[in-house]
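The next block holds one structure in the form of structure tokens; read it before the comments.
Residue numbers (our numbering): 3 to 214.
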């Protein structure tokens, strides 16, 4: 039971911080500013569905991808940890790099932004995809795998609520509140990154020592 609870906490915190709703909401507001409320709502639902399907697809097919390209899960943990650490550092400095770059791009057809850039790479970027693959591989039984899918659904539901109420949320938090929460999530991401890197490096180092 304790292992399942620990897995739930790890899955939720790592996926939630990597998806980072606070970083996506401003982009969504900007990209749907010219749409009617009904059209903006459709974009939100489509973006969330896209993100959910991508996370589940990569989580389930991760092993096949590893086997095909001869990639070990330990290597992915190391690379994923580096990605998380960089992302966490940017968040700790309250920098929304991916948000800024997306806002600078111009989209002639605003209604087509649900899949890209909202669905991917904003909601489900490389970090979130890597986390889903690693967590699915770390799940020791069917109950943990099921919990992972439930956590993904829960996070996507929270994200959807955030998008639909985005303007109110941003006004309530203000710029200062947004930066404070961003720094807290950044610290969490960096801690998770270190854990991922060490869990990936340990077996690789042991293997190298055995070869010597």
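Heads up, the beta-carbon is just placed ideally off N, CA and C, and yes, glycines get one too.
| query | result |
| --- | --- |
| Are the beta-carbon atoms belonging to residue 22 and residue 75 less than 7 Å from one another? | no |
| Enumerate in chain order the residues of its own chain whose CB-to-CB distance from residue 172 is below 8 Å, with the five nearest sequence positions on each side excluded. | 27, 28, 31, 180 |
| Hey, how far is the Cα of residue 56 from the Cα of residue 204? | 30 Å |
| Alpha carbon to alpha carbon, what distance is there between residue 87 and residue 48? | 30 Å |
| Between the C-alpha atoms of residue 148 and residue 13, what's the straight-line distance to the nearest angstrom? | 12 Å |
| My understanding is that residue 50 touches residue 158, with C-beta atoms under 8 Å, so please give their C-beta distance in whole angstroms. | 5 Å |
| Does DSSP put residue 89 in a helix, in a strand, or in coil? | helix |
| With 16 other CB atoms within 10 Å as the buried threshold, where does residue 79 fall? | buried |
| For residue 196, does the count of other Cβ atoms within 10 angstroms reach 16, so buried, or fall short, so exposed? | exposed |
| Just curious, the alpha helix (DSSP H) that residue 31 is in, first and last residue? | 23-33 |
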